[in-house]
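Colleague:
Number of protein chains: 2
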Amino acid sequence: MAEGQTPGGGSGQALLYLTDEQLRQGIEAMFFAYRGFTADPDRILEGLSYGRAHHRAIHFIHCAPGTTVNNLLAILGVTKQSLNRVLRTLIEDGLVTSHVGRSDKRERHLTLTEAGEALEQQLSDAQRARMRDAYRKAGPEAVAGFKTVLEAMMDDDMRRAYLALREGR
Amino acid sequence: MAEGQTPGGGSGQALLYLTDEQLRQGIEAMFFAYRGFTADPDRILEGLSYGRAHHRAIHFIHCAPGTTVNNLLAILGVTKQSLNRVLRTLIEDGLVTSHVGRSDKRERHLTLTEAGEALEQQLSDAQRARMRDAYRKAGPEAVAGFKTVLEAMMDDDMRRAYLALREGR
DNA sequence: TTGGAATGTCAACAAGACTGACGTATTTTC
DNA sequence: GAAAATACGTCAGTCTTGTTGACATTCCAA
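Next up, the structure:
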């Protein structure tokens with residue numbers, strides 16, 4: 018507890034960006050930015066009877082078509098009961114299809130239907146538009162720094178999942 | 018819809034960081050990083066009967082002691098009824114005090130008690146520790162870029178609230 | 001002084017997370 | 001071939017945290 022005000026512990030100058038005050042600002046920036054980050058898709062989903070949970074499922078099924086339920090579970094970090102509620106409505110509404118696996122018939126492979134892809138596009142366009150504006154305002158060097166810090170902030174297994182998704186494309 | 022793959026529209030090279038794929042990566046990085054960001058405080062609060070909402074209230078009351086309920090409402094972006102439930106438990110448990118305003122008796126001014134400050138320290142230390150590690154790994158230039166992008170990602174009124182908090186200190 | 005606006009409280013409800021228990025099909029292991 | 005493990009679905013119940021609606025108090029201005 019009571020971490021020092023100058024965490025470097027004597028190296029001075031170069032570590033000014035690690036003061037408690039700087040860190041607190043970063044924490045608040047993260048909080049407010051995340052609100053903006055989710056605001057646009059939330060607005061779109063409001064009208065339909067879907068929520069953020071549906072958005073996340075749709076996003077990752079789009080990224081990894083044919084993924085299994087278990088896979089999705091690991092990425093989203095929720096329980097299967099929780100995911101199942103979401104998936105059931107998406108399948109009922111014809112946005113997602115579930116196919117029994119060929120090699121392993123216990124698995125269900127999830128894919129977006131045409132309607133599902135359309136909604137994904139709509140949500141993704143809105144979120145990317147904000148992201149693009151932010152990136153453009155900030156410039157390429159800032160964006161590189163942004164990603165570096167975010168990556169360092171993840172838990173180890175989340176970073177693995179993140180990097181795996183990048184490679185998969 | 019169907020935003021182009023190279024959004025610059027001809028400028029080529031310099032705008033490669035604005036491709037849909039780059040933006041998508043940023044979106045996912047944001048998602049995974051936010052999970053890490055909240056993981057440590059969540060773990061601490063798990064044992065106590067508090068959640069993330071309590072953490073947020075405590076954080077901002079700590080930053081602006083004596084703030085009113087309405088003020089807090091604007092920052093947190095929830096309904097007053099929702100905030101009230103959280104505040105009630107915090108007051109009952111002796112972590113927050115609520116004083117009737119002197120000039121305007123409708124207002125309640127909120128402050129952390131000693132116990133409240135202690136919990137704030139504990140939560141904040143945990144969150145800062147992760148932030149500090151991430152910052153240290155990433156280096157000062159990356160951190161500057163990180164903040165620039167986050168700030169550009171906020172809604173206008175959120176950015177105002179964020180900057181106001183920075184100035185207030 | 002009276003009526004409207006602002007501040008905050010109480011009650012009821014919904015979304016979405018969680019745990020725990022159970023059932024079924026399939027695969028793997030001994 | 002029988003037993004254990006895996007993948008998935010479901011039912012039931014709880015918790016946090018958001019919502020709306022109704023209401024009390026206080027302030028201010030017509």
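Protein chains in written order, with my numbering: chain A, 18 to 186; chain B, 18 to 186. Just so it is clear, CB atoms sit at the ideal spot from N, CA and C, and this is done for glycine as well.
1. To the nearest angstrom, how far is the alpha carbon of residue 32 of chain B from that of residue 92 of chain A?
2. Inspect the beta-carbon positions of residue 167 of chain B and residue 149 of chain A and report whether they are closer than 8 Å.
3. Examine chain B for any beta-carbon lying closer than 8 Å to the beta-carbon of residue 165 of chain A, and answer yes or no.
4. Please state the DSSP three-state secondary structure of residue 33 of chain B.
5. Residue 136 of chain B by DSSP, collapsed to three states: which one?
6. At the level of alpha carbons, what is the spacing between residue 119 of chain B and residue 129 of chain A?
7. Return no unless some Cβ of chain B is closer than 8 Å to the Cβ of residue 154 of chain A.
8. Quick one: list the residues of chain A neighbouring residue 82 of chain B, beta-carbon separation under 9 Å, in chain order.
9. Going straight from the alpha carbon of residue 87 of chain B to that of residue 106 of chain B, what length do you get?
10. Would you list, in chain order, the members of the segment 39-51 of chain A that have their beta-carbon closer than 9 Å to a beta-carbon of chain B?
11. With DSSP as the reference, label residue 120 of chain A as helix, strand or coil.
12. With distance defined between alpha-carbon atoms, name the residue in B:75, B:102, B:80 nearest to residue 185 of chain B.
13. Near residue 62 of chain A, what residues of its chain come up, given a Cβ to Cβ distance below 8 Å and the 5 sequence neighbours on each side ignored?
14. Exposed or buried, what is residue 98 of chain A when buried is set at 16 or more other beta-carbons lying within 10 Å of its beta-carbon?
15. Could you pull out every residue in the same chain whose Cβ sits closer than 7 Å to the Cβ of residue 22 of chain A, ignoring the five residues on either side in sequence?
16. Please list the residues of the segment 65-97 of chain A that have a C-beta atom closer than 7 Å to any C-beta atom in chain B, keeping them in chain order.
17. Please say whether residue 151 of chain B and residue 170 of chain A have beta carbons closer to each other than 8 Å?
18. Can you name the residues of chain B whose CB is closer than 7 Å to the CB of residue 133 of chain A?
Modeller: On the basis of the data shown:
1. 30 Å
2. no
3. yes
4. helix
5. helix
6. If I take the Cα positions, the gap works out to 59 Å.
7. yes
8. Those within 9 Å of residue 82 of chain B in chain A number zero; the least Cβ separation is about 15 Å.
9. 18 Å
10. 39, 40, 41, 42, 43, 44, 45, 46, 47, 48, 49, 50, 51
11. DSSP places residue 120 of chain A in coil when its eight states are reduced to three.
12. B:80
13. 68, 69, 71, 72, 140
14. exposed
15. Confidence is the limiting factor: at residue 22 of chain A the pLDDT is only 49, short of 50, which leaves the residue's position unreliable, though a coordinate-based value still follows. Only 36, 37 meet the Cβ criterion.
16. 94
17. yes
18. In chain order: nothing, as chain B lies at least about 15 Å away.
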